[in-house]
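Below is one structure, written out as structure tokens; the observations come after it.
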Amino acid sequence: MNITVPEDSDAVLACRAFGRPPPEITFRRFGTTEEYSVGLQVSDDRIVLDLDTNAERGETIGSLRIHKVDKTDDGLYDCIARNPGDVAYKVGHITVEYKPNFDNMKSLPPVYTWEQRPANLSCLAQAIPNATIEWRWNDRRVLDLYDINMKVENVGARSDLIIIPREPRYYTSYKCVATNRLGSEEHVMELREARIPDAVGQARPRSVSATSMTFDIIPPAIERGLPITAVSVQYKEEFNPDWNTALNRTWSPDSPYIVEGLRPQTSYSFRFAVRNIVGLGQWAAYVVHSTPKRSEPETPKTLHTPIQEEDEEDDAIVTSPYADHFELRWNVPVDNGEPINFYRVKFCPGSKINGVWTELEGACIEEDIQISTSYEMRDLQADTYYRIELMAHNAIGFSKPAHLLLKTARGIDVVLRVDDRALSSAAVIGIVVGCVLLLLLVIDILCCLIGNLGLLAMMCRRTKRSPSDLMGDEEKLGREDEKQPLNNGPEGDILKSSSVEFDGRGVQIRSGEIIGKNSAV
């Protein structure tokens, strides 16, 4: 069942099966459950399933015909034969041959090198059967040039061209040509000389505090395949003329550009540069800016994701997964020249009425937090809104407050009102006790009927052995003894004896020889 066909040709995958009655045959792609139906396929009009049945021989031949196969038709196929007796399976494979292509290399960037470092140009062609690869430079085969600065290494379906660019002429285009018996394809690769990045276009302060500055930086244009790996800044006090004594700071390209550790009320000079794999670019984008005087800290920022934040005037709303507590967390704000000595947290329950927050009088809680960036709010009410106010404090004063609206969870102790009247607890207990007693009675009756056990069986036995019945037995015994004739028979006759014993509770009657000093006749 294994066949090999070139791309864009017709393929026929045949499967033969025997059985009585002749089986029905169908196909499916290996690993799927959808089977092809007899005739033209609705999902793909290139595929037709034909069946040829021979009843005398008990044979069926199924033919899966695919018109103009492509690479997606390559793979395993299940042949399934069925009759009332059983189901049989067989796996076949269609191999689709195609000419070389470089689809996996079209999006690759140029290859960069510098300072006569060896560069590796790799060429990998997709083809069935495998393609042979040759390199061309200026439309000449590289192997025919005998250039000591070029070396070809073939590893399976991949070919590497290693170039040592000792002269500028090597920084150019190279052609990779792949060929098999179905055709050939070529791919152009480019070797470029890498250079350090251009100068930074612009840098400007975005936010300034007494001890830090945050910058917005516009990086230079970059070449494809040669990204920026770092951004650097040098800074010094403005009236210091020597950049050799400047301080340095480096960031990754996607991080915020923040310079910390500055002195309040001081003018600084800044300059910026970017780096790639070659090296650091030129210093540029000079900025002179002063820090303000010492002041109260910046507003702390809470570390919670809001579920609703309409605009800047409305407080962000967060939810607590708990009904009675919530952990408030925040980052350390800029201290503006004086260290932060504590945080103040205030939270009040309330609600919004006509868009205005209204607090419950006397229900607010306020607490100062020492050297921590989190606070556990406890003894909260379930399903309630709280407005949280957070401020940082230093020797100058309090920061502007950060506000947050918190909604607690409903909790498990929420009482739901119902309109229908419910049974009282006493009635429920009475019903349960009655059901238990009824169940015990049924079990006792079954034990009495099946095994003569239980309370009911014991009561029945006591009733049958009452004292009146015992007295009746004694009177009956006396009457029978009076009617018994004397036996003067021969010696071989059997002498019958009986005894009556009273044990304090009842009379016991025995027949046979009389033995015992307490016996009475």
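The sequence shown: position 385 = 385 (UniProt numbering), numbered continuously.
Beta carbons are placed, not taken as given, at the ideal position from N, Cα and C, and that holds for glycine.
Owing to the predicted nature of the structure, the values given are computational and were not obtained by experimental measurement.
Point to revise | Buried or exposed (CB count within 10 angstroms, at least 16 for buried), residue 528 | key: This structure cannot speak to residue 528, because the chain is shown only from 1 to 521.
Practice item. Give the straight-line distance between the Cα atoms of proline 219 and asparagine 336, rounded to the nearest whole angstrom. Key: Those two C-alpha atoms are separated by around 29 Å.
Practice item. Measure the alpha-carbon distance for alanine 14 versus aspartate 103 and round it to whole angstroms. Key: Cα to Cα, the separation comes out at about 32 Å.
Review point. If you count every other CB in all the chains shown that lies within 10 Å of the CB of threonine 4, and 16 or more means buried, which is it?
Key: Around the beta carbon of threonine 4, fewer than 16 other beta carbons lie within 10 angstroms, which makes this residue exposed.
Check your understanding: Which of the three DSSP states, helix, strand or coil, is assigned to arginine 461?
Key -> Of the three classes helix, strand and coil, the one that applies to arginine 461 here is helix, per DSSP.
Check your understanding: Can you name, in chain order, every residue of its own chain whose Cβ lies under 6 Å from the Cβ of alanine 127, other than the five neighbours on each side?
Key -> Pro100, Asn180, listed in sequence order.
Exercise for review: State the Cα-Cα distance for the pair valine 91 and aspartate 78, rounded to the nearest angstrom.
Suggested key: Roughly 5 Å separates the two Cα atoms.
Exercise for review: May I ask you to verify whether the stretch 234 to 249 touches the stretch 187 to 205, counting CB pairs closer than 8 Å and requiring at least 3?
Suggested key: Using a C-beta cut-off of 8 Å, the stretch 234 to 249 makes no contact with the stretch 187 to 205, since fewer than three inter-stretch Cβ pairs fall below that distance.
Point to revise | Span separating the alpha-carbon of isoleucine 340 from that of lysine 293 | key: Between the alpha carbons of isoleucine 340 and lysine 293 lies a gap of roughly 16 Å.
Check your understanding: Between threonine 95 and the rest of its own chain, which residues show a CB-CB distance below 8 Å, the 5 nearest in sequence each way excluded?
Key -> For threonine 95, the CB contacts under 8 Å within the same chain, skipping 5 residues up- and downstream, are Asn2, Ile3, Thr4, Val5, Asp74, Ile128 in chain order.
Practice item. Could you spell out the range, first to last residue, of the beta strand (DSSP E) harbouring serine 232? Key: Unbroken beta strand (DSSP E) run through serine 232: 230 to 237.
Review point. So, do the stretch 313 to 322 and the stretch 367 to 375 have three or more beta carbon pairs nearer to each other than 8 Å?
Key: These segments do not touch.
Review point. Can the beta-carbon of glutamate 296 be found closer than 7 Å to that of isoleucine 396?
Key: Judged by beta-carbon spacing, isoleucine 396 lies within the 7 Å limit of glutamate 296, meaning their Cβ atoms are closer than that value.
**Study point:** Cβ contact (3+ pairs, closer than 8 Å) linking the stretch 43 to 55 and the stretch 79 to 88
**Key:** As far as the Cβ criterion goes, the stretch 43 to 55 does not touch the stretch 79 to 88, which means the pair count is below three.
Practice item. Go ahead and pull the three-state DSSP assignment for isoleucine 277. Key: Isoleucine 277 carries a coil assignment under DSSP once its states are collapsed to helix, strand and coil.
Check your understanding: At a cut of 8 Å, does the stretch 271 to 280 reach the stretch 225 to 240 through at least three beta carbon pairs?
Key -> Judged by Cβ distances under 8 Å, the stretch 271 to 280 makes contact with the stretch 225 to 240, as three or more pairs qualify.
Review point. Can you give the beta carbon distance from arginine 136 to lysine 106, rounded, assuming they're within the 8 Å contact cut?
Key: In fact, because the Cβ distance is near 19 Å, the residues do not count as touching under 8 Å.
**Study point:** Chain-order list of residues whose beta-carbon lies under 8 Å from that of glycine 281 (same chain, five-residue window excluded)
**Key:** So the qualifying residues of the chain are Ile196, Pro197, Asp198, Ala199, Val200, Pro220, Ala273, Val274, Arg275.
Check your understanding: Can the beta-carbon of leucine 390 be found less than 7 Å from the beta-carbon of valine 345?
Key -> With contacts defined by Cβ atoms closer than 7 Å, leucine 390 and valine 345 form a contacting pair.
**Study point:** Cβ neighbour criterion (16 or more within 10 Å) applied to methionine 459
**Key:** Per the 10 Å Cβ criterion, exposed.
Check your understanding: Under a Cβ-count criterion, where at least 16 other Cβ atoms within 10 Å of its own Cβ denotes burial, should lysine 476 be classed as buried or exposed?
Key -> Interpretation of lysine 476 is limited by its pLDDT of 49, a score under 50 that renders its predicted location unreliable; the figure taken from the coordinates is listed afterwards. Lysine 476 comes out exposed.
Check your understanding: With 16 other CB atoms within 10 Å as the buried threshold, where does arginine 387 fall?
Key -> Buried, by the Cβ-count rule.
Point to revise | Pairwise C-alpha distance: glycine 62 and threonine 53 | key: Separation of threonine 53 and glycine 62 (C-alpha to C-alpha, rounded to the nearest whole angstrom) is 9 Å.
Point to revise | Boundaries (first-last residue) of the alpha helix (DSSP H) holding serine 425 | key: Segment 425 to 451, the alpha helix (DSSP H) holding serine 425.
**Study point:** Cβ neighbour criterion (16 or more within 10 Å) applied to aspartate 66
**Key:** Per the sequence shown, residue 66 should be read as isoleucine rather than aspartate. So isoleucine 66 counts as buried.
**Study point:** Identity of the residue in Gly411, Asp50, Ala402 nearest histidine 304 by Cα
**Key:** Looking at the Cα atoms, Ala402 is the closest of the given residues.
Practice item. Would you identify the three-state DSSP class for arginine 57, choosing helix, strand or coil? Key: Arginine 57 falls in the coil class under three-state DSSP.
Check your understanding: Nearest CA to the CA of serine 173: which residue from Leu182, Gly156, Leu437, Arg140?
Key -> Comparing Cα-Cα distances from serine 173 to each of Leu182, Gly156, Leu437, Arg140, the minimum goes to Arg140.
**Study point:** Residues that DSSP places opposite isoleucine 163 in a beta bridge
**Key:** The partner list for isoleucine 163 (beta bridge, DSSP) reads Ala119, Met150.
Review point. What do you get for lysine 68, buried or exposed, if any count of 16 or more other CB atoms within 10 angstroms of its CB means buried?
Key: Exposed.
Practice item. Would you mind working out which of Lys352, Glu238, Ala125 sits nearest valine 155, comparing C-alpha positions? Key: Of Lys352, Glu238, Ala125, the residue nearest in Cα terms is Ala125.
Check your understanding: Which first and last residues belong to the beta strand (DSSP E) in which serine 351 is found?
Key -> From DSSP, the beta strand (DSSP E) with serine 351 extends over 342 to 353.
Review point. By how many angstroms is the C-alpha of alanine 284 removed from the C-alpha of serine 209?
Key: Cα to Cα, the separation comes out at about 24 Å.
Exercise for review: Mind checking who proline 205 pairs with in its DSSP beta bridge?
Suggested key: According to DSSP, proline 205 bridges with Phe215.
Review point. Per DSSP, what kind of secondary structure is valine 142 in: helix, strand or coil?
Key: The DSSP-derived three-state label of valine 142 is helix.
Exercise for review: Identify which residue in Asn248, Asn240, Thr26, Asp10 has its Cα closest to the Cα of valine 233.
Suggested key: When each option's Cα is compared against that of valine 233, the closest is Asn248.
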